[in-house]
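Under the numbering used here, think of the first position of the sequence shown as 987, with each following residue one higher.
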Amino acid sequence: MKAKARPCKAKTKDGKPCKVQAQSNSDFCTSHDPERQKEMSAKRKSVWNSYLKPKDVGPPPTTAKELILVLGETINHVRTNKLDANRGKCVAELCRVAYKLVGSYEEDVKKYTSKLEKMSDEELLDQIALLKKEVKMADA
Ligand SMILES: [Zn+2]
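Set out below in structure tokens:
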């Protein structure tokens, strides 16, 4: 004998009774079934935890090449829906800022290197002494 159709006992977001038929083994429809909601929440969590765990991310990118690799990975994660578009945009923006910093750092190193190359032995020794003093001050 087939059980009589019963309405779901839940209320909708606007406070009206749900009009969907309850499942045969529950007082609720599939959308409002508390057991199913728990299951779905756990499933979403496990999907979320299955990618982009901090251990998978590794150290932050510090070179242009590493930034390009992060961007490429992010593009693929967005393309395969492993990462939502907003997070992808955020990563892209952070990479853009980091790329500028990497560029200006490399420029500073180049300028400093060419300055060192033009120095006499005496000037180099003075420079080394100055750096040693700075390191001591930073340690203190
Ligand atoms: Zn319902």
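Where is the CB? At the ideal position from N, CA and C, for every residue including glycine.
Problem - Per-residue burial, Leu-1087 [other beta carbons within 10 Å of its own, 16 or more giving buried] - result: It is exposed - the Cβ of Leu-1087 has fewer than 16 other Cβ atoms within 10 Å.
Practice task
With a threshold of 16 other CB atoms inside 10 Å of the CB of Cys-952, please say whether the residue is buried or exposed.
Solution key: No answer is possible for residue 952: the residues shown for the chain start at 987 and end at 1126.
Exercise for the section: Whole angstroms is fine: what's the gap from Asp-1013's alpha carbon to Ser-1027's? Expected result: 20 Å
Practice task
Mind checking which residues open and close the alpha helix (DSSP H) that includes His-1018?
Solution key: First-last for His-1018: undefined, no H or E at that position.
Problem - contact_flag[the stretch 1057-1071, the stretch 1102-1115] where n(CB pairs < 8 Å) is 3 or more - result: no
Handout entry: For Met-987, three-class secondary structure by DSSP
Key = Confidence is the limiting factor: at Met-987 the pLDDT is only 49, short of 50, which leaves the residue's position unreliable and the question unanswerable from this model.
Practice task
Ignore the nearest five residues each way along the sequence and tell me which others in Leu-1053's own chain have a CB closer than 8 Å to its CB.
Solution key: Pro-1047, Cys-1081, Ala-1084, Tyr-1085, Val-1088
Handout entry: Residue span of the alpha helix (DSSP H) that contains Asn-1062, given as start and end
Key = 1050-1065
Handout entry: Buried or exposed by the 16-neighbour rule on C-beta atoms within 10 Å, applied to Thr-1099
Key = exposed
Exercise for the section: May I ask whether a heavy atom of ligand 1 can be found less than 7 Å away from the beta carbon of His-1018? Expected result: yes
Exercise for the section: Please name the residue or residues paired with Lys-997 in a DSSP beta bridge. Expected result: Pro-1003
Exercise for the section: Go through its chain and collect everything with a Cβ distance to Glu-1025's Cβ below 7 Å, but skip five positions before and after it. Expected result: none
Practice task
Confirm the yes/no value for this check: CB of Val-1006, any heavy atom of ligand 1, distance under 7 Å.
Solution key: yes
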